[in-house]
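What follows is one structure encoded as structure tokens, with my remarks underneath.
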Amino acid sequence: MRTTLVRRGVGAVLPLALAGAMGVALLAQPAQAQPNSPSAATASNASQPSRPAGTADPAPQAQQSPATDTGHRTEDRRPASQLPPLSADKSPLREAYDDHDAPKKQGLAKKPSAKAAAACDPADFTGRTGAELVRQIKASTTDCVNTLFSLTGSNARLAFREAQMVTVAYALRDNAAYYPGDGSTGTPQLVLYLRAGYYVQWYNPDVVGPYGSALRTAIRSGLDSFFASPRSRDVTDENGETLSEAVILIDSAQENARYLAVVKRMLADYDSSWNDFSRMLAAVNSVYTVTFRGHQVPKFVSAVEADPSVIDSLHRFATDHLSLLGGDHAYLASNAGRELGRFLQYPSLRGKARPLATDLLGRSSITGPTAALWVGIAEMADYYDKANCSAYGVCDLQERLKREVLPVRHTCSPGIRILAQQMTSAELSASCTSLIEQDAYFHRIAKDDGPVADDHNTSIEVIAYDSSTDYQTYAGAMYGIDTNNGGMYLEGDPSVVGNQPRFIAYEAEWLRPDFHIWNLNHEYTHYLDGRFTMYGDFTENMSTPTVWWVEGFAEYISYHYRGEPYTAAMTEAGKGTYALSTLFGTDYSHDTTRVYRWGYLAVRYMLEQHPADMDTVLGHYRTGQWAAARTHLTSTIGTRYDSDFRTWLAGCAAGDCGDGSTSPVSECTDPDPRVLGENCRRGNLSAATGNYAYHYLYIPAGTKQLKITVSGGTGDADLYYSGTGWATTGSHTSRDTGPGNSHTLTVTNPPAGANYISLHAASTFGGATVTTAY
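Each residue of the sequence shown is one higher than the one before, starting from 174 at the first, in our numbering.
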């Protein structure tokens, strides 16, 4: 993925979201709303807490998993105040961006907790009130209730207006009085419904209407009753299903201050017996959501100032559970340290927090198994109490981290540099080759004429941590990113000379002994797409719906360049879920299947079946004419191709998507090494300063376009072309010169017969590749 805060995950800020929620809970926790100013007014002290103008209350967490690009792309680093605690759910770290499944309940549940399954029809909830509504919710599956997070318009108002929420909150109170420690009486569904209501109302306040004192009283009674239940302390996954959601509901309702006692209770109750139950781990980890987002709620801060014992609880948890560090549940201890460190932002609490933070720093180190704790606290101290950095020993934090963590520095080419924690020379060589050869393939498919105007992202830096654990330990502190994802592309501002884009990644340790930098080719496509196809930064790119192209094209290049079948997309093709005209409107609020798999199908269809239309659309994209591109897609094309797209999908599902000439470019086969040809390449080219590598090819009559691409290697090779004789610096038809070996020429209506191409060594070069396509 690619972002600008967020440009092209978790750069221009895509829908106010921080990727990666805190627990596993009923579903893998999805993206949570980006934290806003700590000085914001909150629901607990406002008669209309829904999102009044001029305030910045924290948005409730989502339950579903929209494909918010905050997951893996951003424009620039975020401040430490916006980086959430680490998630209990590690599955996003192992997901390729093309391999997301729809949200689903976590695996330990043997059956739905509701007594009966109900059809997921919004009318079942919008058409009922009072006891009838409560019965419907309790009779529904949690998967069904989960779909209500996406309600809009009149359905949102009818389901979640305050009177409905008050009814459900009191039903939670009554249910909790007899809570049996599992979901058999429908308690998980009631809690989830309330969470959905807060979430939908936050983003649709004018539609749903305000939430006021009636709901505040009702939700407090519901949560009070649940947490007072003795069975809410059962250490089982059956209880954890509801408990984890109830903890998040504290934050959804902005009752972070009122339930500080619950935070302290759960930190004190945890012991190693919880480790056998994923939902209990999610529940205790969710208390860090309450503290993290509590800093946006003034009453929370005031409550801690009045009684700072929660800081002691966080310190005690970290010190009592140091043995977790280096293991599967290390996030619990490191999150405790990070959340303790956040209290360093308040002068009134530094006297309490500083000695406890320095104590934990002394119990851990910058590398090794305790690094996650050390780095988390050091990051908070560096951000919130920088003037006193010497008290913590973190005054040179960024430089220390770079020295200690990324000692491997390797230049693949003038346009690609790798900084790694640990890579062998063979691994570096293989990674460089993969990226360099992708260049030529990309340009053959994109048919670009070089970088878009005002783009100065002349090189990319690939950051490769040794494992997903190292990525989560270090990348947030070093590059200001959320790490509950499969890697992140930091684009920066491409209009600024000297800007340095980066892809922050890690070795997929679960694939060892094979070596893979996870999502490498998908992310590199975002860099190339941003430089050669999309004008401006991600905010500009997203001014109209372009996600179908941005993510679909990254999938297209990644799969076809590697020569791998995209079986998940072919499976989706057989379902025929979407019309092509619908897919042109995809954005990051849609699920990952639509964004990635259906984006791929739409891009493949358009590139291979309607290249002239794509030439028009990409011409607009490259010049920043977003409205013109949108008009072409929605008006000029409109629904005209929908029927043919359905037919094409059926063929794809049966294994026949059409050739499309998308296989990776092979070496030219003529025995004369100077001869190029149709859609082939010559690699490992070299020449000493002032000399040439001469080539030629024969073009058939009637050829409309010849594309020449140079990529890879070291040194400085300039590209020259002539239609009449050997191309030199003094005799040529066209040229592409400049630092490095990344050059492209597009020749319109080239003459039939011999055409001549030369690489001139502005300085000695080696390992370059020239590719021709027509």
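Beta carbons: idealized from backbone N, C-alpha and C, even for Gly.
Sorted by chain position, which residues of the same chain lie with C-beta nearer than 7 Å to residue i's C-beta, five sequence neighbours on each side aside?
i	result
GLY500	none
ARG393	GLU428, ARG431
MET553	ALA253, ARG511, GLY514, ARG515, LEU517
GLY913	SER586, PRO587, GLY588, ASP889
According to the Cβ coordinates, are residue i and residue j closer than 8 Å?
i	j	result
ARG704	VAL635	no
LEU266	GLY659	yes
GLN571	MET651	yes
TYR376	VAL341	no
GLN673	THR656	no
ASN429	PHE399	no
LEU546	GLY510	yes
ILE618	ILE730	yes
GLY896	PRO924	yes
TYR504	LEU259	yes
PRO587	SER640	no
ALA874	THR937	no
THR876	ASP622	no
SER507	GLY549	yes
VAL381	ASP424	no
Checking the sheet assignment: what are the DSSP bridge partners for residue i?
i	result
GLY926	ILE872
GLU680	ILE690
GLU634	ARG590, ARG675
VAL581	ALA593
ALA860	PHE938
TYR893	ARG908, SER931
TYR867	SER931
ARG854	GLU840, THR944
LYS880	THR919, ALA946
TYR384	DSSP output for TYR384 lists no bridge partner at all.
TYR351	According to DSSP, which records beta bridges pairwise, TYR351 is partnered with nothing at all.
MET661	ILE677
VAL950	Residue 950 lies beyond the range of the chain shown here (174 to 947); nothing can be said about it.
Excluding sequence positions up to five away, which residues of its chain have a Cβ less than 8 Å from the Cβ of residue i?
i	result
SER446	VAL408
HIS689	GLU680, ALA681
CYS137	The shown model of the chain, from 174 to 947, leaves out residue 137, and the question about it has no answer.
LEU306	PHE298, GLN337, THR340, VAL341
ILE654	THR247, ARG250, ARG251, LEU256, ALA648, MET661, LEU663, ILE677
ASN928	TYR869, LEU870, TYR871, ILE872, LEU879, TYR894, SER895, GLY896, VAL920
In angstroms, rounded to a whole number, what distance separates the CA positions of residue i and residue j?
i	j	result
TYR351	ASN412	13 Å
LEU363	THR766	28 Å
TYR794	SER402	58 Å
THR755	TYR700	26 Å
TYR557	GLN518	5 Å
TYR502	PRO667	First, the residue type needs correcting, since residue 502 is His and not Tyr in the sequence shown. Taking the straight line from one Cα to the other gives about 39 Å.
ARG224	TYR384	Low local confidence applies: a pLDDT of 33 at ARG224 is under 50, so the model's placement there is unreliable, and no value is given.
ALA785	ILE609	28 Å
MET661	TYR343	43 Å
VAL581	MET596	7 Å
ALA935	LEU892	10 Å
ARG576	LEU422	42 Å
GLY940	ARG573	35 Å
ARG819	GLY749	7 Å
LYS284	ASN348	Note on LYS284: pLDDT 35, under 50, position unreliable in the model; no value is reported.
LEU433	VAL483	7 Å
TYR773	VAL883	27 Å
GLY856	LEU498	47 Å
ARG735	ASN448	40 Å
LEU487	ALA312	39 Å
HIS783	VAL790	11 Å
ARG489	LEU495	10 Å
LEU529	ALA551	12 Å
I'd like the list of long-range same chain contacts for residue i, defined as Cβ closer than 6 Å, with 5 residues on each side in sequence excluded.
i	result
VAL373	LEU324, ALA329, PHE333
GLY850	CYS841, LEU870
GLY345	Contrary to the premise, residue 345 reads as Leu rather than Gly in this sequence. Contacts found: LEU363, GLY395.
GLU600	PHE688
TYR865	SER931, HIS933
ALA226	The pLDDT assigned to ALA226 is 30, lower than 50, so where the model puts this residue is not dependable, and the model offers no usable value.
Within 8 Å, do at least three Cβ pairs link the stretch 477 to 485 to the stretch 516 to 529?
yes
Taking contact to mean 3 or more Cβ pairs, one atom from each stretch, closer than 8 Å, check whether the stretch 717 to 732 and the stretch 765 to 782 are in contact.
yes
Under 8 Å: do the stretch 799 to 813 and the stretch 746 to 755 share three or more Cβ pairs, one atom per stretch?
yes
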